[in-house]
Structures are given as structure tokens and as C-alpha cells.
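Student: This structure is in C-alpha cells; I'll ask about it shortly.
There are 2 protein chains.
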Amino acid sequence: MAEHTTKVKRPTIKDIARESGYSKTAVSFAFNDPSRISKKACEQILSTAEKLGYIPDPMARNFSLRRHLSIGFLLPQEIQYSLNNPYTQQVLLGIGSVCEKFGYTLTLIPPLNESVTEAVRNAAVDGLITMGMQVDMDIVSVMQTRHLSYVTIDGTADKQMPSVNINDEEASYEIMKTVLQAGHRQLCIIGLGKDVFAENATSPSLPSRRLAGYRRALEEVNLSLDDVTMLVCEPTLEEGKKKGNEILALDKNITCVVAMSDIVAIGCILSWSEAGKKIPQDISIAGFDNIDEASFITPKLTTIDQPAHEKGRLAAQALFQMINKAPLESVHIEIPYTLIKRDSVFDLTSQQL
Amino acid sequence: MAEHTTKVKRPTIKDIARESGYSKTAVSFAFNDPSRISKKACEQILSTAEKLGYIPDPMARNFSLRRHLSIGFLLPQEIQYSLNNPYTQQVLLGIGSVCEKFGYTLTLIPPLNESVTEAVRNAAVDGLITMGMQVDMDIVSVMQTRHLSYVTIDGTADKQMPSVNINDEEASYEIMKTVLQAGHRQLCIIGLGKDVFAENATSPSLPSRRLAGYRRALEEVNLSLDDVTMLVCEPTLEEGKKKGNEILALDKNITCVVAMSDIVAIGCILSWSEAGKKIPQDISIAGFDNIDEASFITPKLTTIDQPAHEKGRLAAQALFQMINKAPLESVHIEIPYTLIKRDSVFDLTSQQL
DNA sequence: CTGAAAGCGCTTACAG
DNA sequence: CTGAAAGCGCTTACAG
């Protein structure tokens, strides 16, 4: 290589040591624990650092200290899908607010080469938060052999799997009951896309727990899930619109849709409005999540309020406890939800024709 | 330390080498370039790795290869504020989709100990995307001495500062003109909170460029910014609601509000609805951004459509070019916007009382 | 195909 | 207060 290949190389601790006349140890102390060297030494070192444009390499520092100062949020599928849901965004905010407090960054980890497992193998983080995880997934064994701490939100509780959830079965029961009490019998359920994690899961996933709640309410009026039209989609606005149109085309005279996700419910409402339907008179709908948008769509959405932000916050808090080797008060955190009755479910009983 | 302090230590490449009978070099090749060793060696190494529960340490690998495989998104203030705006969330999605494509993670970097500069000094990333950055900020010099690549969105273009923008002055001019043509003269502008980056900035920031556009339109009807009520707030729904109420309390008979952010405009609408106002008849409003919510609030919002997702995508694309030492086609990318006229600005001229 | 050894840029126990 | 040296867990040019 010719001399003039002056690659502007960043100075290292060694350069500062040489230039300032002190040792690498002293330079390190100047930045990390000035009390261990003389004031004079510290000043000289800091000023030559300034002069040469030296900033300690965070990666080398972290490597040496065996930490990343970052926690990871594992995205179960492409980022478009994962983050296009206000519910997930609120979870993210909750996690982020805790990271911030601890001086950590938050790493969003999309699948690597389409593989979530690959992504987990390579994740440069101190711990992971996942959504909808179950123990019997190979990602879990990767996290375990990597000795990574992890917490799952909306996943399936297990002693190997610290979790944060609401009581989805009960919440689903309540909202379905609300719909049934309003007299609706021609129903359509829009479930959540099945988890990409779940290849051969055995324990009941979040969608199936919700379904169980719906079923219980249905059975009380002598209906079963077989009497209901079942659809499934990813929780995004676009998918919701699509399903909304599909339902209209179904020609089954559905009077009420019960969606497992507000964003999907809102998508339905938008598509129905465009099609000239009156909501909730022509067709009613109930959601799940109580995202902000649920209260400013017309009609306002009847839904289950679940504190997404709080879920993220608690999951992150638990994760930091684990990272810091502190014992967890409880491995499975269950937080309260609230049924929110608004205007999107028409009361068929009150208008005895 | 007593013998039974069996800290479950992760096996390292050395352990696999010893156990399998091959060298560290061979183990490394088995994972990274199997073609360089014999099939037999590879199999034996991989199987002992499996047996001992060995997964190569990503941090050590990245450190050795002098890379992070992550790019950073710098949050100008606490994560609550920064990410609670659908506009920013879309930018984030755009960035994320590119990261995903390149096999990178996306690191959200909140201020560290309240300091954005501190956060940049310690960021473990290969490049940074910032919002609303100007050259004359000390964060910029930190990025430069760290030899970090960076791109700014909604910042101030400069040869030292690759950027992605729309023409904010022109867009603002257009929307103000729309409002004025509808006959509104009692106006209130809600600007964006001044940047936390900007301590002693000299070149015009995004809010001031927008203001310049507003001013130009105002001057065409012989008004100046002094004739307009000026408010400023952070772009969140909550802040928007607060400002909405403040405006009602103002008792200035404002007929139209021009907000620099849809989320703030929506906040206003919500607070006004609660207060029993008819919108846009009693009070009109125009926004900026065209977030999804702008089209499903009632009334639908008149606003400027700017492709937030595209901004993020282009910024990330440029950043990866820089990281890969490829030349940039253009250091300053300007993308088109669109004026969207909907229902939130009442036409005072058509109803000649 | 295989391995010994230097190197990535820090931290820190230890000796002076 | 100060510094030489080992170590963090990988990669890779080089020699065999």
C-alpha cells in the first residue's frame, strides 16, 4: 500500500497513551474513574484526547465489560406488519421508557434471512422481549443456550417463560357476552394470524385463549363456534379493510363482527363506510385493545381496554431484574383489563320491531 | 470462591476446539466458511458445539470484524414524546424495512442521562439517522469524530449533513393559502416544539421554514405573522388536546387553526368535540403530515401529505450507501408532497350570509 | 486441509 | 498515583 493511502484511522487508547505520555491504564481511568489518577494526569489525558479527536470505542468497552447496554424487542415478522399496529407501538413505548431509565438502548430485531431463530442467535443484546412466545419453540432454546434473559408478552405462561398478560379468556368472554346480550346471533369472528413462532406449539396460544372465551359466552346462549363465521388476519389497517369487504361480499347477513384487534375493527369500519353501510345499524362490530384510534373513529368502538404501555413497562422491568440477577416477585404478571362499551354494537333488543 | 459456585459459563470457541480436537481456526471456519475445512472436521465441530451448547458470541464476532450490524435512530427527547406521533412511527417503519433488507437491527437511542450527545458518544451502531438535525450542533461533531455515517430527516441541509426533506416552505405556503382562500382571517398557528438539539443553531430549522411558508401566504392577503395567534407544542395527541382547549379559552374568535402536525390537529378536534363545538363550522383546522388517522377522524382533515415511510426508507438507503462506502447520488434528497383538501376547513366565502 | 499466533480496543487485578 | 500485562471471544493472514 502506498504511503498516501491515509485512511483516516480513529485514534485508540494506545495513541492517547503515547501522545500524552501516560499509560493506557491511566487513559482508561481518565474516562471512567478520574478519582484514581492525579488531577494533572487527567487533564493532560483529556486534552490530548480532545486534540486527537478520541472518543472511547463503545463496542470495545462493552465487549470488555461483557455487556451490550441494549435490550432487544423481537419482531415476529417483517417490521411492516409487526409495528403497524398501535397496540404493539404502545407496548414498544412502554419497553422503551424503561430502557431509557436504565440508560439502555432498545434494539428492534427483525427476522434475519426470514428466520427469527437466526435473528436471536445473532442478537447483540443483554436480554429479549418477545410477543406471543411459547416454550416449545426453538427460539426459546436458543435464548437459553445463549444464557439470554427473556420475557414474553401475550405469550403462554410457563415456568421457563416469564410472562406479562391480561386474562384473555375472561376478557373475550365478556365482550362476546356484550354482543350476545345486544341480541346479535349472526356473527363473524376475526381472529389473529397464527403466530410465526408457533411451529409445533402445544399449549394454548393467545388466539386460542380468546377463542375459548368467545366459545364460553356462545355456549351460554346455546351457540357454538361452528355457528359463527371465522376469519383470520394480521393486525393491520389494510388487512382489516380487506376483511371488511370480504364480510360484505359473504352474503351471510352478519349483524355483528367480533375482532380480536381494534386496528382490524377500524379497518372494517372504514371499508363499510366507503361501501355506504350505516354502522352500527347495518352492521355492528366489537374490537380488542382500546387503542387511541378506537375512541375517535365514528362510531366509537366497543372494545376491551388493555394497558399496552403498561405491559411493555412491566415486561421490561422484569427483564432488567433478571439481567441484574435480582429475584422476580412473580414470574407471571397478570394485569387488569376493562370492558369499554361505546357505540359500535347496535342494541337489537331495544328496538322490538 | 468455593468450588460449588458453578457459574454456568457459556462455552467459547476454545472449549469447542479442545473438545472436538480441532483448532480455534477450524471451529471458526465451521461456522463462517465451512468450505475451508473438510466435511468431517465440520461435522465433528458442529456436533460438539451442539453438544456443549455453543453459539458463537455475536459481540465478539462483531468486535473482531469492526462492525455492529445495527443502525441507530436517535430520539431527540424521551421516547414517550418522540415515538408517540404516527408520523415518526411511519418514518421508523421506513427505516426498519431497509434495515431488515440488509440484515441489520435498528437501535432506538434515547438521550443518555438526559443528554443526546452522551447517547451518541456511546451508541453501538454503524450509522445514525436523526430527525431535525442541523450542522451547528455538537452532536454532529461527535458523529464526525467517531467517524459515524449519518443522515438527517427534516433537518437543515448542509454539505456536511446528508438529508431527506420535502419542500416545507412551499407545502406550508400552499396549505395556508388554502385556508386563506376559504376566507379565514382570525387564525392561530400551532408550531412544533423547538428542537432540543438546537442550542445555538443558525440556519433555519424545520419549524422556521414552515413559518416562512405561512408568512408568504399571509403577506399575499396583507397579513403578517403578527396578526396571527402563535402557539407551540410537542407533537402528541395529549398536547394537541391541551392546545385545543387553550384556544377555546382564548376568546379571540379564532375561525381556523393551522397546525404543523396532524396529531396535534386531531387532538384539537377531539377537545373541541368534547366541548360541543361543531367542526368545521364553529372552528376549522388544517394539519400537516397526512397520517392515517387524518382520514378517519370526523371531519376528515385537510392537510399536507408527506410520505413519512418513504422519508425513512430513503434516509436509511442513503445511510447504507455511506456505510458501504458507495457514493451517494445526491446528498440532499427532496421528495414530493401533496396538498390534501378534505372537510376540516369550512368555506366561509361560499355562504354569503 | 490445518493450526499457531497476532490482532480488534478496551478493562482491571496486581505489583510497585 | 502509576503502569505492565493478561484477558474479553472472536477472525484471519500466514506458513505448513
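Protein chains in written order, with the working numbering: chain Y, 250 to 602; chain H, 250 to 602. Beta carbons: idealized from backbone N, C-alpha and C, even for Gly.
Under 8 Å between C-beta atoms, does T254(Y) make it to chain H?
Tutor: Model confidence at T254(Y) stands at a pLDDT of 37, short of 50, so the residue's coordinates are unreliable and nothing is read from them.
Student: So, is D511(H) buried or exposed, given that buried needs 16 or more other C-beta atoms within 10 angstroms?
Tutor: So D511(H) ends up on the buried side.
Student: Looking at the structure shown, is L460(H) part of a helix, part of a strand, or coil, going by DSSP?
Tutor: In this structure, L460(H) counts as helix in the three-state DSSP scheme.
Student: With a CB to CB cut of under 7 Å and the five nearest residues on each side skipped, what residues in its chain are close to E419(H)?
Tutor: The residues are G462.
Student: Between which residues of its own chain and L342(H) is the CB-CB distance below 7 Å, once the five residues before and five after are set aside?
Tutor: Result list for L342(H): H558, G561, in chain order.
Student: Whole alpha helix (DSSP H) runs in the stretch 374-408 of chain H with 4 or more residues, listed along the chain?
Tutor: List check, alpha helix (DSSP H) in window: 387-394.
Student: In the DSSP output, which residue or residues are listed as bridge partners for S412(Y)?
Tutor: S412(Y) is bridged to T401(Y), H581(Y).
Student: Entirely within the stretch 303-386 of chain Y and at least 3 residues each: give me those beta strand (DSSP E) ranges in chain order.
Tutor: Fully enclosed beta strand (DSSP E) runs of 3 or longer: 319-323, 354-358, 376-380.
Student: Does any residue of chain Y bring its CB to less than 8 Å from the CB of I378(H)?
Tutor: Not one chain Y Cβ lies under 8 Å of I378(H).
Student: Roughly how many angstroms lie between the CA atoms of T552(H) and E483(H), to the nearest whole one?
Tutor: Each residue's alpha carbon lies about 18 Å from the other.
Student: Is D385(H) close to chain Y? Criterion is C-beta to C-beta, closer than 8 Å.
Tutor: Answer no: the Cβ-Cβ gap between D385(H) and chain Y never drops below 8 Å.
Student: If you check the beta carbons only, do L441(H) and P456(H) fall under 8 Å apart?
Tutor: Yes.
Student: Over what stretch of residues does the alpha helix (DSSP H) that includes L472(Y) continue unbroken?
Tutor: Per DSSP, L472(Y) belongs to no alpha helix (DSSP H) and is neither H nor E.
Student: Contact defined as beta carbons within less than 8 Å: I believe Q329(Y) pairs with S346(H). What is the distance between those atoms, to the nearest angstrom?
Tutor: Right, their Cβ atoms sit about 6 Å apart.
Student: Tell me where the beta strand (DSSP E) around A535(H) begins and ends.
Tutor: Where A535(H) is concerned, the enclosing beta strand (DSSP E) stretches over 533-535.
Student: Tell me whether the beta-carbon of P556(Y) lies closer than 8 Å to the beta-carbon of I584(Y).
Tutor: Cβ atoms of P556(Y) and I584(Y): closer than 8 Å.
Student: Assuming L499(Y) and W521(Y) form a contact by the criterion Cβ under 8 Å, report the distance between their Cβ atoms to the nearest whole angstrom.
Tutor: That belief does not hold up - the Cβ atoms of L499(Y) and W521(Y) are roughly 13 Å apart, past 8 Å.
Student: Pick from S390(H), F569(H), L324(H), F351(H): whose alpha carbon is nearest that of Q338(H)?
Tutor: Considering only alpha carbons, the answer is L324(H).
Student: Mind checking whether D554(H) and Y586(H) have CB atoms under 8 Å apart?
Tutor: Yes, the Cβ-Cβ distance between D554(H) and Y586(H) is below 8 Å.
Student: Give me the Cβ distance between R370(H) and I304(Y), rounded to the nearest whole Å; I'm assuming they're in contact under 8 Å.
Tutor: Contact flag correct, Cβ pair sits at about 6 Å.
Student: Whole angstroms are fine: how far does the CA of M386(H) sit from the CA of E448(H)?
Tutor: In this prediction, E448(H) has a pLDDT of 48, which is less than 50 and means its spatial position is unreliable; what the coordinates show is noted afterwards. Each residue's alpha carbon lies about 7 Å from the other.
Student: Anyone know if the C-beta pair for P259(Y) and H396(H) falls short of 8 Å?
Tutor: Reading off the sequence, residue 259(Y) comes out as Arg, not Pro. In this structure, H396(H) lies closer than 8 Å to R259(Y) by Cβ.
Student: Using DSSP's beta-bridge definition, name the partner residues of L295(Y).
Tutor: Paired residues: none, contrary to the question.
Student: For L314(H), does the count of other Cβ atoms within 10 angstroms reach 16, so buried, or fall short, so exposed?
Tutor: It is exposed - the Cβ of L314(H) has fewer than 16 other Cβ atoms within 10 Å.
Student: Using a beta-carbon distance below 8 Å, is R434(H) in contact with chain Y?
Tutor: By this cut-off, R434(H) is not an interface position.
Student: What residues match up with T552(H) in a beta bridge as DSSP calls it?
Tutor: I589(H).
Student: Pairing CB atoms from the stretch 414-429 of chain Y with CB atoms from the stretch 464-471 of chain Y, are three or more of them under 8 Å?
Tutor: At 8 Å Cβ cutoff, the stretches touch.
Student: Quick check on D538(Y): does DSSP put it in helix, strand or coil?
Tutor: Strand at D538(Y).
Student: Going along the stretch 502-517 of chain Y in order, which residues come within less than 9 Å of chain H, judged by CB to CB distance?
Tutor: For the stretch 502-517 of chain Y, which is checked against every Cβ of chain H, the residues closer than 9 Å are I515.
Student: For I518(Y) and E488(Y), what's the separation of their Cα atoms in angstroms?
Tutor: Straight-line Cα distance between these residues: approximately 12 Å.
Student: Can you tell me whether E349(Y) is buried or exposed, with buried defined as 16 or more other CB within 10 angstroms of its CB?
Tutor: The residue is buried, with at least 16 neighbouring Cβ atoms inside 10 Å.
Student: Along the alpha helix (DSSP H) that carries I515(H), what are the first and last residues, could you check?
Tutor: Unbroken alpha helix (DSSP H) run through I515(H): 511-523.
Student: Between which residues of its own chain and A535(H) is the CB-CB distance below 6 Å, once the five residues before and five after are set aside?
Tutor: Closer than 6 Å at the Cβ level, and outside the excluded window around A535(H), lie I424, V428, V507, T551, V594.
Student: In chain order, what residues of the same chain lie with their CB nearer than 6 Å to the CB of A266(H), ignoring the 5 residues before and after it?
Tutor: Excluding positions up to five away in sequence, the list reads S272, K273, V276.
Student: First and last residue of the beta strand (DSSP E) that includes I265(Y)?
Tutor: From DSSP, I265(Y) is part of no beta strand (DSSP E) but of the alpha helix (DSSP H) over 262-269.
Student: Please tell me whether R395(H) has its Cβ less than 8 Å away from any Cβ of chain Y.
Tutor: Taking Cβ atoms only, chain Y reaches closer than 8 Å to R395(H), which makes this a yes.
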